[in-house]
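K.L.:
Going by the UniProt record's numbering, the sequence shown opens with residue 1, and the numbers climb by one from there. All residues carry an ideal CB built from backbone N, CA and C; glycine is no exception. Here you go, one structure.
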Amino acid sequence: MFTGVSLVSSAVAAQTIYLVPQYRYNSAASKESSSTFIAPANTVLTGRWHGGDENGQTVYQYATLQAVNEYNQPVSGTIAVQTLEWSNWIKESSGIWFDAPQGTVLIGRQHSGDENGNTRYLTGRVTLNGLPTEVIDVTTSGGIKESGSIWFTTDARRVMTGRMHQGDENKNTYYRSGTLRVALPPAPNAFRIIAKLHPQEAFFPMAPLDFIRASRFRHHKGWGTDQGYNKTTGSWVTGDDKSWDYFDVPVSYINSFTINPDGTNRRPRDSNSGSDWNVFLQPEGHPQGNASPTGQVPSFRYRTQDGRQQYWLFYGYNESTHLISFSHQGDWEDIIVHTDNGLITGASLSAHGERTFHPVSSLQTYVDGNIQVLVVYVAKGTHALYPTVGNFHIGGTDETRDGGVEWVITQYVQELQDQPWKDYAGAWGEVGEQAATTGPLGPWHKKIQ
Numbered sequence: 001m002f003t004g005v006s007l008v009s010s011a012v013a014a015q016t017i018y019l020v021p022q023y024r025y026n027s028a029a030s031k032e033s034s035s036t037f038i039a040p041a042n043t044v045l046t047g048r049w050h051g052g053d054e055n056g057q058t059v060y061q062y063a064t065l066q067a068v069n070e071y072n073q074p075v076s077g078t079i080a081v082q083t084l085e086w087s088n089w090i091k092e093s094s095g096i097w098f099d100a101p102q103g104t105v106l107i108g109r110q111h112s113g114d115e116n117g118n119t120r121y122l123t124g125r126v127t128l129n130g131l132p133t134e135v136i137d138v139t140t141s142g143g144i145k146e147s148g149s150i151w152f153t154t155d156a157r158r159v160m161t162g163r164m165h166q167g168d169e170n171k172n173t174y175y176r177s178g179t180l181r182v183a184l185p186p187a188p189n190a191f192r193i194i195a196k197l198h199p200q201e202a203f204f205p206m207a208p209l210d211f212i213r214a215s216r217f218r219h220h221k222g223w224g225t226d227q228g229y230n231k232t233t234g235s236w237v238t239g240d241d242k243s244w245d246y247f248d249v250p251v252s253y254i255n256s257f258t259i260n261p262d263g264t265n266r267r268p269r270d271s272n273s274g275s276d277w278n279v280f281l282q283p284e285g286h287p288q289g290n291a292s293p294t295g296q297v298p299s300f301r302y303r304t305q306d307g308r309q310q311y312w313l314f315y316g317y318n319e320s321t322h323l324i325s326f327s328h329q330g331d332w333e334d335i336i337v338h339t340d341n342g343l344i345t346g347a348s349l350s351a352h353g354e355r356t357f358h359p360v361s362s363l364q365t366y367v368d369g370n371i372q373v374l375v376v377y378v379a380k381g382t383h384a385l386y387p388t389v390g391n392f393h394i395g396g397t398d399e400t401r402d403g404g405v406e407w408v409i410t411q412y413v414q415e416l417q418d419q420p421w422k423d424y425a426g427a428w429g430e431v432g433e434q435a436a437t438t439g440p441l442g443p444w445h446k447k448i449q
């Protein structure tokens, strides 16, 4: 059902429109161990506060929405919030993220018991004059001690879209928030690219900034003991310290480790790495990414003067375990689209460090209204790209299938040249025994010329 409508003052035109928090309110406090909160009609969640253990109090912040254009000027229309359904229960202490499916936001939460009890979330869909919205520019907060009586609130343009807690009340909670953009009809002669993941895929697309926030920044010392960068003291420290001071290092500092003056890079084990100050990003374990990536995880576009468009895709983990394991943290793949008068004429798909060109006659394309749609398939685990369902690579070890998550990579595109991490020339992932099991070099240093 619809939970409410809000009128704003002039007609929606063909422009970029955002729905942003307007007026914010705090809920009454409730005991966390037996709490249910649903945002009032026509509001969405924008913050949360908790103090103490499961017997402590929790307060939510919720907000009405207003429509604005790219110049932050009010735009008219009817804003409606439609209540969807509760999520499955999640063990609160498990460290499992709940992310609202693309095009939806958080409007409620229910929790029962202590940290080993269960939590679930209520989602809602927001529309403007019946037009759906998409969630873009998703960010992840830093860790907030659950018992610390510390507010998390979204910024002026974002609403809550996800949450995760791991451990007891003295451990950290993390939040995700994004901007609501009205999904206006696409322009004529546009194209859409859909990457179909395997139905048994376990490692999904991931925003590079989320990978950086979850990583330590490390200096590979070869035969010696690696060092970690302490962001609090601004110093490199020998050892394997995993305290919070070593995670979420400022991107600007990481990005200062660029290609060496002699043209070598800083990726350990790389055949073109320099002799010193080779560095790597190292998250814990196997980052799983976002199972609802459309509109939440960006692709990164690089355009050449001859009209080709290269779309870079990032995953937190590459799983390759047939006979000999070549698994590694971090995984960059790319699609190069060749066009003529705005229509796709062919595409080059990456697989295991190589690219294969496929003319449009051997690609799966169709027309949806006035949009040309290209479908590509993502191999289970390795994320290698292929034009059809099947088994590929050595011994058929790359498997693609229908029925999995469909990632519309052209729905949320950022320009590669504008990324704050593009110059970083180290490894996106920990150092393995060989180059193939070490995190890859970033896309700026592998883009087409």
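#1: Are residue 118 and residue 86 closer than 8 Å when you measure CB to CB?
#2: Under the rule that 16 or more other beta-carbon atoms within 10 Å means buried, what is residue 145, buried or exposed?
#3: Suppose you measure from the CA of residue 166 to the CA of residue 174; what does that come to, to the nearest Å?
#4: Under 8 Å: do the region 228 to 248 and the region 306 to 317 share three or more Cβ pairs, one atom per stretch?
#5: Tell me the DSSP bridge mates of residue 145?
#6: Which stretch, first to last residue, makes up the alpha helix (DSSP H) that contains residue 375?
#7: Which residues share a DSSP beta bridge with residue 366?
#8: Can you find the residues in the same chain that come closer than 6 Å, C-beta to C-beta, to residue 334, ignoring five residues on each side of it along the sequence?
#9: Can you pull the DSSP bridge partners for residue 51?
#10: In three-state DSSP terms, what is residue 310?
#11: Cβ of residue 100 within 8 Å of Cβ of residue 123?
#12: Look up residue 182 in the DSSP assignment and say whether it is helix, strand or coil.
#13: Can you give me the Cβ contacts of residue 499 inside the same chain, cut-off strictly under 7 Å, excluding the 5 residues immediately before and after it?
#14: Considering only DSSP beta bridges, list what residue 349 is partnered with.
#15: For residue 210, report the span of its alpha helix (DSSP H) as first-last.
#16: Tell me whether the region 426 to 437 and the region 263 to 272 touch, counting them as touching only if at least three CB pairs, one residue from each stretch, are closer than 8 Å.
#17: Does residue 343 pass the burial test, meaning 16 or more other C-beta atoms within 10 Å, or should it be called exposed?
#18: On the three-state DSSP scale, how would you describe residue 443?
#19: Taking residue 377 as the reference, give the member of 371, 370, 368, 387 with the closest Cα.
#20: For residue 245, which residues from the same chain have a beta carbon less than 7 Å from its beta carbon, with the 5 sequence-adjacent residues on both sides left out?
#21: Let's test the definition: count the other Cβ atoms within 10 Å of the Cβ of residue 40 and tell me whether it reaches 16, buried, or not, exposed.
#22: Give the single residue among 149, 25, 283, 107 whose Cα lies nearest to the Cα of residue 52.
#23: Report yes if the CB atom of residue 250 is closer than 8 Å to the CB atom of residue 183, and no otherwise.
#24: Which residues does DSSP list as the beta-bridge partners of residue 399?
#25: How many whole angstroms separate the CB atoms of residue 194 and residue 107, which I take to be in contact at a CB cut-off of 8 Å?
#26: Check the DSSP bridge columns for residue 286 and list the partner residues they point to.
#27: In whole angstroms, give me the CA-to-CA distance for residue 348 and residue 367.
#28: Do you know how far the Cα of residue 143 is from the Cα of residue 115?
#29: What is the C-beta distance between residue 153 and residue 176, in whole angstroms, given that I count them as a contact (C-beta under 8 Å)?
#30: If you draw a straight line from the alpha carbon of residue 417 to that of residue 369, how long is it in whole angstroms?
#31: Nearest CA to the CA of residue 222: which residue from 279, 242, 243?
#32: Less than 8 Å between the C-beta atoms of residue 440 and residue 330, yes or no?
#33: The alpha helix (DSSP H) that contains residue 409, what's its start and end?
#34: For residue 229, which of helix, strand or coil comes out of DSSP?
#35: Got a sec? Which residues, its chain only, sit under 6 Å from residue 298 by beta carbon, not counting five neighbours each side?
#36: From residue 96 to residue 291, what distance separates their C-alpha atoms?
P.N.:
Reading off the structure:
#1: One-based indexing of the sequence shown puts residue 118 at position 118. One-based indexing of the sequence shown puts residue 86 at position 86. It is not a contact, given that the beta carbons lie outside the stated cut-off.
#2: Residue numbering aside, residue 145 sits at position 145 when the sequence shown is read from its first letter. Exposed, by the Cβ-count rule.
#3: Mapped onto the sequence shown, residue 166 falls at position 166. Mapped onto the sequence shown, residue 174 falls at position 174. Those two C-alpha atoms are separated by around 9 Å.
#4: no
#5: For the purposes of this step, residue 145 is taken as residue 145 along the sequence shown, with counting starting at 1. Beta-bridge pairing links residue 145 to 172.
#6: By 1-based counting over the sequence shown, the position of residue 375 is 375. No alpha helix (DSSP H) holds residue 375; the beta strand (DSSP E) holding it covers 371 to 378.
#7: Position 366 of the sequence shown, counted from the start, is the residue given in the question as residue 366. DSSP lists 373 as partners of residue 366.
#8: In the sequence shown, counting from the first residue as 1, residue 334 sits at position 334. 310, 312, 350, listed in sequence order.
#9: Numbered from 1 along the sequence shown, position 51 holds the residue referred to as residue 51. According to DSSP, residue 51 bridges with 57, 148.
#10: Counted from its first residue, the sequence shown places residue 310 at position 310. Here residue 310 sits in strand by DSSP.
#11: What you label residue 100 is simply residue 100 of the sequence shown in a count that begins at 1. What you label residue 123 is simply residue 123 of the sequence shown in a count that begins at 1. For residue 100 and residue 123, yes; Cβs fall inside 8 Å.
#12: Taking the first residue of the sequence shown as 1, we reach residue 182 at position 182. Three-state DSSP puts residue 182 in a strand.
#13: No information on residue 499 is available, as it lies outside the stretch 1 to 449 that the chain covers here.
#14: Position 349 of the sequence shown, counted from the first residue, corresponds to residue 349. In the DSSP output, where bridge partners are listed per residue, residue 349 has 335, 356.
#15: Within the sequence shown, residue 210 is the residue found at index 210, counting from 1. Unbroken alpha helix (DSSP H) run through residue 210: 208 to 213.
#16: yes
#17: Here the question's residue 343 lines up with position 343 in the sequence shown. With fewer than 16 other Cβ atoms within 10 Å, it is exposed.
#18: Counting from 1 along the sequence shown, the entry for residue 443 is found at position 443. Helix.
#19: Indexing the sequence shown from 1 puts residue 377 at position 377. That would be 387, whose Cα lies nearest to the Cα of residue 377.
#20: Taking the first residue of the sequence shown as 1, we reach residue 245 at position 245. Closer than 7 Å at Cβ, skipping near neighbours: 230, 231, 232.
#21: Taking the sequence shown and counting its residues from 1, one reaches residue 40 at position 40. Label assigned to residue 40: exposed.
#22: Locating residue 52 in the sequence shown gives position 52, where the first residue counts as 1. Selected option, being the one with the closest Cα: 149.
#23: Counted from its first residue, the sequence shown places residue 250 at position 250. Counted from its first residue, the sequence shown places residue 183 at position 183. For residue 250 and residue 183, no; Cβs fall outside 8 Å.
#24: In the sequence shown, residue 399 corresponds to position 399, counting from 1. Its beta-bridge partners are 391.
#25: The residue given as residue 194 occupies position 194 in the sequence shown. The residue given as residue 107 occupies position 107 in the sequence shown. Wrong, their Cβ atoms sit about 28 Å apart, outside the cutoff.
#26: Translated into positions along the sequence shown, residue 286 becomes position 286. Beta-bridge pairing links residue 286 to no other residue.
#27: To locate residue 348, count along the sequence shown from 1; it is residue 348. To locate residue 367, count along the sequence shown from 1; it is residue 367. Distance between the alpha carbons of residue 348 and residue 367: 20 Å.
#28: Here residue 115 corresponds to residue number 115 of the sequence shown, with the count starting at 1. Here residue 143 corresponds to residue number 143 of the sequence shown, with the count starting at 1. Distance between the alpha carbons of residue 115 and residue 143: 16 Å.
#29: Residue numbering aside, residue 153 sits at position 153 when the sequence shown is read from its first letter. Residue numbering aside, residue 176 sits at position 176 when the sequence shown is read from its first letter. Not really, about 13 Å apart at Cβ, beyond 8 Å.
#30: Numbered from 1 along the sequence shown, position 417 holds the residue referred to as residue 417. Numbered from 1 along the sequence shown, position 369 holds the residue referred to as residue 369. Answer to the nearest angstrom: the Cα atoms are 32 Å apart.
#31: Counting from 1 along the sequence shown, the entry for residue 222 is found at position 222. Among 279, 242, 243, the Cα nearest to that of residue 222 belongs to 279.
#32: Residue mapping note: residue 440 aligns to position 440 of the sequence shown, counting from 1. Residue mapping note: residue 330 aligns to position 330 of the sequence shown, counting from 1. Yes, Cβ-Cβ distance for residue 440 and residue 330 is below 8 Å.
#33: The count along the sequence shown starts at 1 and reaches residue 409 at position 409. Looking at the DSSP string, residue 409 is not in any alpha helix (DSSP H), and its letter there is neither H nor E.
#34: Taking the sequence shown and counting its residues from 1, the one referred to as residue 229 is at position 229. Looking at residue 229 - three-state DSSP - the assignment turns out to be strand.
#35: Residue 298 sits at position 298 when you count from the first residue of the sequence shown. Closer than 6 Å at the Cβ level, and outside the excluded window around residue 298, lie 412, 414.
#36: As a position in the sequence shown, residue 96 is number 96, starting the count at 1. As a position in the sequence shown, residue 291 is number 291, starting the count at 1. For residue 96 and residue 291, the distance between alpha carbons rounds to 12 Å.
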